[in-house]
Amino acid sequence: MLWLCIQLPKLPLEALTRAHRAGDTAPVAVSQSNLIIESNPAASALNIEPGLSIATACAYCPGLQLLERDTEREAQLLQQLAQWAYGFTPVVSPRTGNPDSKAQSESPACLFLELGGSLKAQGGLAPLLQQLGKELHKMRITHQMGLGHSPSAAHLLSQLPEHRQWLAQTSTPPTPQQWKQWISFAPSKLLDCSNKAIAKLYACGIKRVSQLLAVPLSEVGNRFGRDFINYLARLNGSRPDPVPGYQPPAEFHSELLFPSPLDNSEQLLFPAGRLVRELCRQLQRRQLYSPALYWVLDYGSRGSEEVNVELSRPLFDPQRLIALTKLQLERVKLKEPVQALALRCKQLRPLETKMLREDFFEEGGSQHESYQLIDKLRARLGHQALSGITLKESYLPEQAWTSADSLSLQSKRHGHQLHPLSAPRPSWLLARPDRIQQREHSLFYDGELQLLQGPERIDGYWWQHHRHARDYYIARGPQGSLYWVFQDLTSEDWFLHGVYS
Amino acid sequence: MNNAENLMQNKQLSEQAAGQPAQPLQQLLTRPDIWQLANRQRQPRTGISTGYRGLDALLASHGWPRGASTELLVDKAGIGEINLILPALAEMTRQNRMVILINPPHIPYAPALAQAGVQLEKLLLLHPRGQRDQLWAAEQALQSGACGALVSWQGKEVLADKDLRRLQLAAREGDCLHFHFRPGSSASSPSPAALRLQLHSDGEQLALQLLKQLNGKSGQRLHLARNPDLTRRDQPLH
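Protein chains in written order, with the numbering used here: chain A, 19 to 519; chain B, 1041 to 1278.
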């Protein structure tokens, strides 16, 4: 087992300011219950440190931008990072930071990754660590890493500057001896236990973990309790160190906040491309696909607007996804400047090998082209402009068909389950039966109608209040048109219901 | 003479003409919308069978022309105008190709289509709003290569000649059957469609008049009987 702990010490700040421009030099600080808990470099340079009261901080720096801590957004970002990490290894465990403001700087949120199983796939330890660091840097997430044989050890070592320096240069994981050395070398204040326990350790004169390990276990147990003994054993690797496993939700959500609102839908294409690429990377790593993209244009306090791009088959090509998104965005007239753009995929589905096979072995490749066409049409005309039709079992002619989703239609290609009637039916059905004029036992619809055949009695729902009893006939108009007409047996009125076109 | 020979001959001709002021004409002839009698062989000879033997015999391609627009001029609905194209549409869906109807005037009735052998899961209805979107959708579908047949109806606005020409070119590009329904009054105005048929009813039967066909004779008339199941007087009425 090879565990990596990624500490995220500035998460409260970064959850709120990640989308700010890189060169932004305005001092920003995050506060919680009247205390500063985190500050950006510009603010730190003005001595604004965690623990200051808001009043003092404002006295130091009148132009300070104060942001209220948003633990919900933090948790969201941590989930997002866990999802990202899941792309590297299937064993990931996120741990939220201590919500208690005072202890915040001492136990920040972190991610545990088991790397042992995926070293080979990722090209060895050094390239993997570099890739992780590079991507975190790109996402502008401050981080510290530590490597250990158990999550507890990795957590402890990630706080040790000497270890981090070694990690930046190493290409092979250390031997068990080396680990023991690192751990015993660490100051005891880095142990993952309560402040009270650490104060007690110092009171006993135990400043390094090595000193603690020299004390007989029974002694330690007497003073610090069973839990502490367990913790030491997990740290040593003599006891299994389980962490809650993480299963990424089958969804994707990522958001970009714009420092200055965008007022042109064309400007949205660039950030949209960034989000799409983020999505595609994740989908590919997790072998999932998304049947639709939901874009949310955030107008800030003036609400938001949703734009959907539906896909009829798995698609991982960012260029094509952006092209479809572009078709949709072109139709959108921005009501207000957009402050944030979010991409949401509510249900990611596992990619079945069958789908890929269909892609490659489809006769003539026409299936592929028809998916492409449907996606394009849907992107420009909107979802509601496309439909299919299918048969439905019903007594009533107007209910013997139903509108079907064109997407499900294309994937299903085995004949109808229902058998159509043998009586001839008209190719056009009127959306609503049209009243036929009746004069002196003759019927008039654009001229006098002549009944050719009938009646075919359709008597449905006689057990219900809305009984439909009709006698259907085929009638001919004066110009040779054939119509499907019926007489309502309850009201004795005549209606035109279909045209034999 | 096959296409390759034809091409060779053209090449020799153009080599002979090299350096002479015949260039503009050559350029003009490469335009796809200019039809040359001499290049008749380029046109695909076999169309899609209409399902009516008499009509197939009249048509130069022995069926609906592939990759081209066919105009059907109809004034009155209900004379069998959809029945005329239904066999071809059904055949397309059986070949696993998509059939698209753009803004049909009424609901295409599923039981009737299934009776005619249309695979409903291959049928797509489009309801674009406005003429611009309608034209865009038709053009995209025609040239996509995914679509076997596309049926469109002239709305309130009359399509400009250049739009009809674009659709005709798109149909050729995507090798798609394009049926376009227009009112009978447009018979007098010229159209780029490869085939134009005027349809009316003579009371019992559907009467066809061939107004125009590329590579073939026009002016013929044909009467097609309606389905006897519809017109048979088998029941005493009232």
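By construction, the Cβ of each residue, glycine as well, lies at the ideal position given by its N, Cα and C atoms. The model shown is predicted, which means the values in this text are computed figures rather than measured ones.
| Boundaries of the alpha helix (DSSP H) in which F242/A is found, first to last residue | Reading the first sequence from its first residue, position 224 is the one you call residue 242/A. Per DSSP, F242/A belongs to the alpha helix (DSSP H) from 235-242.
| query | So is K212/A buried or exposed if we call it buried at 16+ other beta carbons inside 10 Å? | reply | One-based indexing of the first sequence puts residue 212/A at position 194. Looking at the sequence itself, residue 212/A is Ser, so the reference to Lys does not match. S212/A comes out exposed.
| said: Quick check: what's the CA-CA separation for Q1260/B versus F1221/B? | reply: Residue mapping note: residue 1260/B aligns to position 220 of the second sequence, counting from 1. Residue mapping note: residue 1221/B aligns to position 181 of the second sequence, counting from 1. Each residue's Cα considered, the two are about 20 Å apart.
| With 8 Å set as the bound, which would you pick, yes or no: does the beta-carbon of E90/A sit closer than that to a beta-carbon of chain C? | Although the question refers to chain C, the structure presented lacks it and instead comprises the protein chains A and B.
| field | For E90/A, the nearest candidate out of A310/A, G115/A, L297/A (CA to CA) | value | Residue 90/A sits at position 72 when you count from the first residue of the first sequence. Comparing Cα positions, the closest option is G115/A.
| said: Can you tell me where the beta strand (DSSP E) holding V109/A begins and where it ends? | reply: The residue labelled residue 109/A in the question sits at position 91 within the first sequence. Where V109/A is concerned, there is no enclosing beta strand (DSSP E), given that its DSSP letter is neither H nor E.
| message | Can you tell me whether S445/A sits near the ligand COA, meaning its C-beta is under 7 Å from at least one heavy atom of the ligand? | response | The ligand COA is absent from the structure shown, which contains no ligand whatsoever.
| field | Q83/A, enclosing beta strand (DSSP E) - first and last residue | value | Here residue 83/A is taken as the residue at index 65 of the first sequence, counted from 1. Run containing Q83/A: 83-86, per the beta strand (DSSP E) assignment.
| query | So what's P336/A in DSSP terms, helix, strand or just coil? | reply | As a working mapping, residue 336/A is identified with position 318 in the first sequence. Residue state, collapsed to three classes: helix.
| request: For the beta strand (DSSP E) containing G516/A, list its first residue and its last residue. | output: Here residue 516/A is taken as the residue at index 498 of the first sequence, counted from 1. Segment 512-517, the beta strand (DSSP E) holding G516/A.
| message | Run through chain A and tell me which residues come within less than 7 Å of E1121/B, C-beta to C-beta. | response | Here the question's residue 1121/B lines up with position 81 in the second sequence. Those are S519, listed as they occur along chain A.
| C-alpha distance - M1132/B paired with D1115/B, whole-angstrom precision | Here the question's residue 1132/B lines up with position 92 in the second sequence. Here the question's residue 1115/B lines up with position 75 in the second sequence. Their backbone Cα atoms lie some 27 Å apart in a straight line.
| So, does the CB of Q471/A fall closer than 8 Å to a CB anywhere in chain B? | Here residue 471/A is taken as the residue at index 453 of the first sequence, counted from 1. Cβ-Cβ to chain B under 8 Å: yes for Q471/A.
| task | Compare the beta carbon distance of I1147/B and A1177/B with 8 Å and say whether it is the shorter of the two. | result | Taking the first residue of the second sequence as 1, we reach residue 1147/B at position 107. Taking the first residue of the second sequence as 1, we reach residue 1177/B at position 137. No.
| task | State the DSSP-derived secondary structure class of N282/A, mapped to helix, strand or coil. | result | Counting from one through the first sequence, the residue named residue 282/A turns up at place 264. N282/A falls in the coil class under three-state DSSP.
| said: For a cutoff of 8 Å on Cβ pairs, would you count Y4/A as touching chain B? | reply: Because chain A spans 19 through 519 in this model, residue 4/A falls outside it and cannot be assessed.
| task | Counting only runs of 3+ residues fully inside the stretch 1122-1189 of chain B, write out the beta strand (DSSP E) ranges in chain order. | result | 1138-1142, 1163-1166
| field | Spatial neighbours of D210/A in its chain, beta-carbon cut-off 8 Å, leaving aside the 5 residues before and after | value | The residue you call residue 210/A lines up with position 192 of the first sequence. Within the same chain, D210/A has close Cβ partners S125, S170, H173, L174, Y249.
| For K207/A, which option in Q199/A, K198/A, W197/A, K218/A has the closest C-alpha, if you only look at C-alpha atoms? | Taking the first residue of the first sequence as position 1, residue 207/A is located at position 189. Checking every option, the nearest Cα to that of K207/A belongs to K218/A.
| field | Proximity of L1217/B and I1122/B at Cβ, strictly below 8 Å | value | Stepping through the second sequence from its first residue, residue 1217/B is reached at position 177. Stepping through the second sequence from its first residue, residue 1122/B is reached at position 82. Taking 8 Å as the Cβ cut-off, L1217/B and I1122/B do not qualify as a contacting pair.
| query | Whose C-alpha, out of E387/A, L347/A, L333/A, is nearest the C-alpha of L366/A? | reply | Counting from one through the first sequence, the residue named residue 366/A turns up at place 348. Measuring from the Cα of L366/A, the nearest candidate turns out to be L333/A.
| said: For chain B, check one thing: does any of its Cβ atoms lie closer than 8 Å to the Cβ of P444/A? | reply: Translated into positions along the first sequence, residue 444/A becomes position 426. Yes, its Cβ sits closer than 8 Å to a Cβ of chain B.
| So what's P30/A in DSSP terms, helix, strand or just coil? | Here residue 30/A refers to the residue found at position 12 of the first sequence. If DSSP states are grouped into helix, strand and coil, P30/A belongs with the helices.
| task | Could you please tell me which residues of the stretch 1129-1156 of chain B, in chain order, have their CB closer than 8 Å to any CB of chain A? | result | N1136, R1137, M1138, P1144, P1145, H1146, I1147, P1148, Y1149, A1150, P1151, A1152, L1153, A1154, Q1155, A1156
| request: Please confirm if the stretch 236-245 of chain A is in contact with the stretch 146-164 of chain A, defined as three or more CB-CB distances below 8 Å between the two stretches. | output: no
| request: Express the C-alpha separation of L129/A and P112/A in angstroms, rounding to a whole number. | output: Taking the first residue of the first sequence as position 1, residue 112/A is located at position 94. Taking the first residue of the first sequence as position 1, residue 129/A is located at position 111. Looking at the two C-alpha atoms, the distance is approximately 4 Å.
| field | Members of the stretch 1169-1181 of chain B near chain A, C-beta cut-off 9 Å | value | R1169, D1173, W1176, A1177, Q1180, A1181
| request: Taking only beta-carbon positions, decide if L1270/B is within less than 8 Å of chain A. | output: In the second sequence, residue 1270/B corresponds to position 230, counting from 1. It does; some Cβ of chain A falls within 8 Å.
| request: Between the Cα of L352/A and those of P442/A, E324/A, P451/A, spot the shortest distance and give me the residue it belongs to. | output: Position 334 of the first sequence, counted from the first residue, corresponds to residue 352/A. Checking every option, the nearest Cα to that of L352/A belongs to E324/A.
| request: Would you decide whether Q389/A is buried or exposed? Buried here means 16 or more other CB atoms lie within 10 Å of its CB. | output: Indexing the first sequence from 1 puts residue 389/A at position 371. One point to set straight first is that residue 389/A is Tyr, not Gln, in the sequence displayed. Classification of Y389/A: buried, given that the 10 Å Cβ count is 16 or more.
| query | Where in the stretch 121-186 of chain A do unbroken runs of the beta strand (DSSP E), each at least 3 residues long, occur, reported from the N-terminal end onward? | reply | 127-132, 162-166
| query | Per DSSP, D489/A is paired with what? | reply | Within the first sequence, numbered from 1, the residue matching residue 489/A stands at position 471. Answer is R475/A, Q505/A, bridged to D489/A.
| Residue range of the beta strand (DSSP E) that includes G406/A | Locating residue 406/A in the first sequence gives position 388, where the first residue counts as 1. G406/A -> beta strand (DSSP E) spans 404-409.
| In chain B, which residues lie less than 8 Å from T408/A when you measure between Cβ atoms? | Indexing the first sequence from 1 puts residue 408/A at position 390. Near T408/A (Cβ distances below 8 Å), the residues of chain B are A1150, L1160, E1161.
| query | In the stretch 258-289 of chain A, which residues sit with their C-beta less than 8 Å from some C-beta in chain B, listed in chain order? | reply | none
| query | Listing by chain order, which chain B residues have their CB less than 7 Å from the CB of I492/A? | reply | If you number the first sequence from 1, residue 492/A lands on position 474. Neighbours of I492/A on chain B, chain order: L1270.
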